[in-house]
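Enquirer: Before I ask anything, let me first share the structure, which is written out below as structure tokens.
2 protein chains.
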Amino acid sequence: MNLSKRCEYGLRALIDIGIASELGRPRLQVSELAAKEKLPVKFLEQILSQLKAAGYVKSKRGKFGGYSLAKRMDRIKFGPVIRLIDGPLAPIRCVSETSYACCTCPDEVHCGLRMLMLDVRNAIAKILDRYTLAEIVEITLRKLHRDKVTPLFLQPSMRFVSILP
Amino acid sequence: MNLSKRCEYGLRALIDIGIASELGRPRLQVSELAAKEKLPVKFLEQILSQLKAAGYVKSKRGKFGGYSLAKRMDRIKFGPVIRLIDGPLAPIRCVSETSYACCTCPDEVHCGLRMLMLDVRNAIAKILDRYTLAEIVEITLRKLHRDKVTPLFLQPSMRFVSILP
DNA sequence: GAAAATCCTACTGCGCAAGTATGAATTTGA
DNA sequence: TCAAATTCATACTTGCGCAGTAGGATTTTC
């Protein structure tokens, strides 16, 4: 029931880029991201490259380059991103919607484990396929604002004024 | 988001023993279990040994030995069994109730990923910590009966008459 | 042209899942 | 009492995938 580190880092990066862009910094560099989240630069590079290939982010090379979102935040759902990096959400393949594989059990139709795991899969998918990056970013910003915490990626000169209602 | 084979086999075994016991065969041998589910005998042996150590099944040695449930079926919940074999249900450790570990993210309180994964963890736990073996066995038997399928573990001489209402 | 970034590909270590293998201990029936 | 059938205990194996490293190529800006 585990999210890989690779996937976790990828999602963090996406959320950070989303937050930054909402605050008027549409592009972030890998080194900034890595510094904030305290994770290996080179590894993150690979992950962002994968996210780029899948159309979630776009990049600008060279000095003052970096990554920005390639889609509207409200079009980025978490489920597909996780499937991209970690594979199916389902605990066992015989209940996967997106990459079903029949299991070895003698009678799939009457398999109790399958029924149970189908429930679990649906519960997971219900959350991850509904939540969008926009929602998570909004909630995060609201929380930060409520607690008067200045998020990173904001130059000291900039003031943290929420755009949110 | 994956269940290990070890865990899957363990749960299958538990369910099979439950079904068999409900049908009047309180004890099953590893070889029978392995044959029905088509999985390696020695591996299953190890798993059952683990389930025994944790108090879920008990065993009888020697000829006509085998494994039977050590608890009432309605006291066996799936969550704890899965945690025993595969570890925490939570996708990331910082949202685990049973074995929390702080994550490396800079601000756990305002971490959007954490909120999302907490939702997922709760959804998973809600299902797996509520369903009991008794329920899954009952549902399975009902389905089998409705479809007039004779479950395995039943000697040809025995007739499949559901005890259920 | 130098510096600063992304891009690309290959490599590595190592831990763990998924078994195998071997034999000891126990129970039963002949 | 012995042989067969079972569980019990422990050690070993094998392969793969996660979590990175490493090194250099390419692009952009000043």
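Protein sequences, first through last, are from chains A and B. Heads up: the first sequence begins at 135 in our numbering, then just goes up one per residue. Heads up: the second sequence begins at 135 in our numbering, then just goes up one per residue. All C-beta atoms, glycine included, are put in the ideal place defined by N, C-alpha and C.
Using the rule of at least 16 other Cβ atoms within 10 Å of the residue's Cβ for burial, across every protein chain shown, is A/D281 buried or exposed?
Expert: Classification for A/D281: exposed.
Enquirer: If you drop the 5 nearest sequence neighbours on each side, which residues of the same chain put their C-beta closer than 6 Å to that of B/Q289?
Expert: The pLDDT assigned to B/Q289 is 49, lower than 50, so where the model puts this residue is not dependable; a value taken from the coordinates is nonetheless given after this. For B/Q289, where only same-chain residues beyond five positions count, there are no Cβ hits under 6 Å.
Enquirer: Alpha carbon to alpha carbon, what distance is there between B/I226 and B/V243?
Expert: 15 Å
Enquirer: Does any residue of chain B have a CB that is nearer than 7 Å to the CB of A/D253?
Expert: yes
Enquirer: Please list, in chain order, the residues of the segment 254-267 of chain A that have any C-beta partner in chain B closer than 8 Å.
Expert: If the cut-off is 8 Å between Cβ atoms, the segment 254-267 of chain A has V254, A257, I258, K260, I261, L262 and Y265 near chain B.
Enquirer: Taking 7 Å as the cut-off, decide whether the C-beta atoms of A/V229 and A/M251 are in contact.
Expert: yes
Enquirer: Can you grab the Cα-Cα spacing for the pair A/V191 / A/L157, in whole Å?
Expert: 17 Å
Enquirer: Given this structure, state the Cα-to-Cα distance separating B/E142 from A/D263, to the nearest angstrom.
Expert: 25 Å
Enquirer: Give the single residue among A/G152, A/K172 and A/H279 whose Cα lies nearest to the Cα of A/K268.
Expert: The identity of residue 268 of chain A in the sequence shown is Ala, whereas the question assumes Lys. If we check each option's Cα against that of A/A268, A/G152 comes out closest.
Enquirer: Which residue from B/T266, B/I261 and B/P240 puts its Cα closest to that of A/A147?
Expert: Out of B/T266, B/I261 and B/P240, B/P240 has the C-alpha closest to the C-alpha of A/A147.
Enquirer: So A/F212 packs on A/L137, CB below 8 Å; how close in whole Å?
Expert: Not a contact, Cβ separation roughly 11 Å.
Enquirer: From A/M135, A/R276, A/K277 and A/Y265, pick the residue whose C-alpha is nearest to that of A/M207; which is it?
Expert: A/Y265
Enquirer: Taking 6 Å as the limit between beta carbons, can you name the residues of its chain near B/A224, skipping five residues before and five after?
Expert: Only S230 and R255 meet the Cβ criterion.
Enquirer: Three-state secondary structure (DSSP) at A/L173?
Expert: Coil at A/L173, not helix or strand.
Enquirer: May I ask which residues mark the beginning and end of the beta strand (DSSP E) holding B/L203?
Expert: G200 to L203
Enquirer: Thinking C-alpha only, which one of B/T274, B/M249, B/A257 and B/I270 is nearest A/I149?
Expert: B/M249
Enquirer: So which residues of chain A does B/P240 contact, with C-beta pairs closer than 9 Å?
Expert: Neighbours of B/P240 on chain A, chain order: K170, E171, K172 and L286.
Enquirer: I'd like to know whether the C-beta of A/M207 is nearer than 7 Å to at least one C-beta of chain B.
Expert: no
Enquirer: When the Cα of B/G246 is compared with those of A/I270, A/V283, A/S183 and A/L203, which residue comes out closest?
Expert: A/I270
Enquirer: Which residues in the same chain have their Cβ closer than 7 Å to the Cβ of A/S202, if we skip the five residues on either side of it in sequence?
Expert: I151, S155, P160, R161, V191 and K192
Enquirer: Check the DSSP bridge columns for B/C162 and list the partner residues they point to.
Expert: Note that residue 162 of chain B is Leu in the sequence shown here, rather than Cys. For B/L162, which the question treats as bridged, DSSP gives the partners B/Y201.
Enquirer: Taking C-beta pairs closer than 8 Å, name the residues in chain B that A/F212 reaches, listed in chain order.
Expert: L250
Enquirer: Within 7 Å (strictly less), CB to CB, does B/L223 reach chain A?
Expert: yes
Enquirer: So which residues of chain A does B/K277 contact, with C-beta pairs closer than 7 Å?
Expert: H244
Enquirer: What is the DSSP secondary structure of A/K282, counted as helix, strand or coil?
Expert: coil
Enquirer: Does the distance from the C-beta atom of A/G189 to that of A/A204 stay below 7 Å?
Expert: yes
Enquirer: Report yes if the C-beta distance between B/P253 and A/I261 is below 7 Å; otherwise report no.
Expert: Rather than Pro, the amino acid found at residue 253 of chain B in this sequence is Asp. For B/D253 and A/I261, yes; Cβs fall inside 7 Å.
Enquirer: Note down, in chain order, every chain B residue with its Cβ under 8 Å from the Cβ of A/L247.
Expert: E142, L145, R146, I149 and I270
Enquirer: To the nearest angstrom, report how far apart B/G200 and B/S165 are at their CA atoms.
Expert: 9 Å
Enquirer: Quick one: grab the DSSP three-state call for A/Y143.
Expert: helix
Enquirer: Nearest to A/G196 by alpha carbon, out of A/R217, A/R276, A/K139 and A/Q163?
Expert: The residue with the shortest Cα to Cα distance from A/G196 is A/Q163.
Enquirer: Report the neighbours of A/V175 on chain B: residues whose CB is nearer than 8 Å to its CB, in chain order.
Expert: Those do not exist, as A/V175 stays about 15 Å from chain B at its closest Cβ, beyond 8 Å.
Enquirer: What's the C-alpha gap between B/E171 and B/R209?
Expert: 24 Å
Enquirer: Return the chain-ordered list of same chain residues with a C-beta closer than 7 Å to the C-beta of A/L178, the five sequence neighbours on each side being excluded.
Expert: Y143, A147, V164, L167 and A168
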